[in-house]
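Here this note's numbering is used: the first residue of the sequence shown is 47, the next is one more, and so on.
The beta-carbon is built from N, C-alpha and C at its ideal position, and this holds for glycine as well.
Contents: one structure, followed by commentary.
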Amino acid sequence: MRRLPLLLMACAMMAGLLSCGGHGKLEKAVRSVLVSGDTTRAAYDSLCSLVTDNPGKYSDMLTPEGRVDHKKMADFIEQIGSQLRPPMHWDTRPYGGVDDLSLTVYFERSGSMVPYDQRGGGGQLKKAVNDLINHFPAGSKVDINIVNDGIYPYQHTVDEFLKDRDIYQSTAGVGDAAYTDFQLIFEKILEAQRPGNVSVLVSDLIYSPKDTRGVSLDKIFNEENSLATRVFAKYKGKSVVVQQFMGDYSGKYYPYNGVPFEYNGKRPFYLVIIADGDAMDQLATDKRYSGVLDAPAVRYSYRFNQATSDVQCRVLPEWKDNAGRFRVKHGDGIVLAKCDGDRQTGKLCFSLAANLGGLMKDDALLTNPANYEVKSIDGYTLTVQPIDQSMVTANNKEYLEGMTHILTLVGDLKSPRDEVHISLRNELPEWVRQSSSQSDTSAGGSFSTTTLGLEQLLGGMFDAMKGGSSFFDITINLQR
């Protein structure tokens, strides 16, 4: 009989998670998912359905509104996983948090934007916005605004916006298209955001405030740089992704300080995606929103306010580029023991498979060794290449599966011990500088691929939201 109080005490300690066997069916389902390895969105949704289909039995797993409390669900799954042998962990954060993200579109209607959506053009700008809206699941809350000197609600339905073949004609007369008040727009966007909201400004990002007659471009550039820093520094925890697209432009272009001229050709435009950091993470990892941040038409992209991340990587014991010999030592960290240089060259060359997908950086940035800092005693150098399916074989599948890039290091093996430190520097990407111009008075030179003052505007945002000095740091210990 003395065992009964002990049993009751054990049950009490598990209350809120296991409810002393009251969650047996859910516990069994979680165990089954973990053991089978089917840790997918569909499997998680099936667990949530089990809870919502039995609200009386699982009331402690629900919010007052009758929705699944994802934090409690994550704790429950973690508790069950910790009891398995070996213990198992399932990161359900991408499926939790806010159940559904909402979308607010801020569509710029200025004189320099109208030529992007002419009937004779390719309609890339309108398609980019339509695709953005369509990448949000059916039933998502979507609001559309027209912006220039202020922010004005779109007076039609979302379906009407999607079908509109002449969006600038149908919104003629909304606001003052002669200038765009970026300070007002960014302030209002950031003020209006609520948890789970994704706000997207559709713009050419040309800073064109009111009353600039006689003001030098240098003064304007300094003004937009400090404006961006000031506005975004006020709102901690925000994350911003800037995407560059190319679109057909047919019509009159209004330079900052010159005579308007007709231009027919390609021009860059941008989607500025703003959200809380956790909502941006969900946007990046939740498959329901696939296509928002990795749309195929995106030419360049960059995420601001990104802290240093943990990057998963595996040493490739057998790889075509390896030279010399080493043995992977299992335990904490990455350790290569019994290292020997190549007999002919004395060099040691080894490769890592790494998952850089979570960094949300394009391959132009990730594969350029100049963007990395490599420190070591023996002067190791780095090359980076994306993994494609042709590289995967039966022998290396376990190392390459789930990975995105191969990091190869080569150096003169001289020291008895060495530490190779690899970091991807957090700097404003080169494409921003290449896409920025100091003058827009004519259609010559790089006009078709540049935006006036882009580096100053995005540089101000970068200064406000730099985050860590590097996106990731990896250390490899070498032992002779």
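Looking only at its own chain, which residues have a Cβ that is under 8 Å from the Cβ of residue i, when we skip the five neighbours before and after it?
i: Lys14; result: The structure shown has nothing for residue 14, since the chain only spans 47 to 526.
i: Gln525; result: Lys375, Val381, Leu382, Ala383, Lys384, Cys385, Pro462, Arg463
i: Asn268; result: Gln502
i: Gln358; result: Ala400, Asn401, Gly448, Met449
Counting C-beta neighbours from all protein chains within 10 Å, is the total for residue i 16 or more, i.e. buried, or is it exposed?
i: Ala88; result: exposed
i: Leu510; result: It is worth fixing the name first, because residue 510 is Ala in this sequence and not Leu. The residue is buried, with at least 16 neighbouring Cβ atoms inside 10 Å.
i: Gly67; result: Low per-residue confidence applies at Gly67: pLDDT is 39, beneath 50, and the placement is therefore not dependable enough to give any value.
i: Glu270; result: buried
i: His69; result: buried
i: Ser469; result: buried
i: Gly260; result: exposed
i: Gly166; result: exposed
i: Arg389; result: exposed
i: Ala353; result: exposed
i: Leu64; result: Its pLDDT being 39, under 50, Leu64 is placed unreliably by the model, and nothing is read from it.
i: Lys187; result: exposed
i: Ser23; result: The requested residue 23 is not part of the displayed model; the chain covers only 47 to 526.
i: Ala400; result: buried
i: Gln435; result: exposed
i: Ser347; result: buried
i: Val81; result: exposed
State the start and end residues of the unbroken alpha helix (DSSP H) segment that holds residue i.
i: Arg479; result: 476–480
i: Gln525; result: Run containing Gln525: none in the alpha helix (DSSP H); it sits in the beta strand (DSSP E), 516–525.
i: Ile235; result: 228–238
i: Asn176; result: 170–180
i: Ile213; result: 213–216
i: Lys71; result: 70–82
i: Thr454; result: No alpha helix (DSSP H) holds Thr454; the beta strand (DSSP E) holding it covers 451–458.
i: Leu96; result: 87–98
i: Leu208; result: 204–209
Mind checking which residues open and close the beta strand (DSSP E) that includes residue i?
i: Arg389; result: Note, Arg389: premise wrong, no beta strand (DSSP E); not H, not E.
i: Tyr295; result: 284–299
i: Ser148; result: 148–154
i: Val193; result: 188–193
Reducing DSSP to helix, strand and coil, say where residue i ends up.
i: His467; result: strand
i: Phe493; result: helix
i: Met326; result: helix
i: Asn268; result: helix
i: Ser347; result: strand
i: Ile252; result: coil
i: Arg429; result: The sequence given here has Thr at residue 429, not Arg. Note: Thr429 maps to strand in three-state DSSP.
i: Gly67; result: For Gly67, the predicted structure reports a pLDDT of 39, less than 50, and the residue's modelled location is therefore unreliable. A value from the coordinates is still provided. If DSSP states are grouped into helix, strand and coil, Gly67 belongs with the helices.
i: Lys384; result: strand
i: Val144; result: Caution applies to Val144, whose pLDDT of 49 falls short of 50 and renders its modelled position unreliable; the value that the coordinates give is listed next. Correct three-state label for Val144: coil.
i: Gln502; result: helix
i: Asp115; result: coil
i: Ser108; result: According to the sequence as given, residue 108 is Leu; it is not Ser. Residue state, collapsed to three classes: strand.
i: Pro241; result: coil
i: Tyr44; result: The requested residue 44 does not occur in the structure, where the chain is confined to residues 47 to 526.
i: Leu130; result: coil
i: Pro199; result: strand
i: Gln484; result: coil
i: Arg334; result: helix
For residue i, which residues from the same chain have a beta carbon less than 6 Å from its beta carbon, with the 5 sequence-adjacent residues on both sides left out?
i: Leu208; result: Asn176
i: Ile522; result: Ile380, Val466
i: Leu236; result: Tyr281
Using a Cβ-Cβ cut-off of 7 Å (strictly less than) and excluding sequence neighbours within five positions of residue i, which residues of its own chain qualify?
i: Tyr253; result: Phe228, Ile266, Glu270, Gly499, Leu503
i: Tyr309; result: Tyr295, Tyr299, Ala489
i: Gln431; result: Thr413, His451, Ile452
i: Val338; result: Leu178, His181, Leu329
i: Tyr90; result: Thr138, Tyr141
i: Ser95; result: none
i: Gly514; result: Ala353, Thr354, Asn472
i: Asp367; result: Cys395, Ser397, Thr454
Evaluate contact between the region 497–505 and the region 261–279, counting only Cβ atoms and requiring at least three cross-stretch pairs below 8 Å.
yes
Is the region 451–469 touching the region 423–440, taking contact as three or more C-beta pairs under 8 Å?
yes
Should the region 315–332 be called in touch with the region 389–400, which here means at least 3 C-beta pairs below 8 Å?
Inter-segment contact for the region 315–332 and the region 389–400 is absent: fewer than three beta-carbon pairs are separated by less than 8 Å.
Pair every Cβ in the region 312–325 with every Cβ in the region 283–292, then say whether three or more of these pairs are closer than 8 Å.
The region 312–325 is in contact with the region 283–292.
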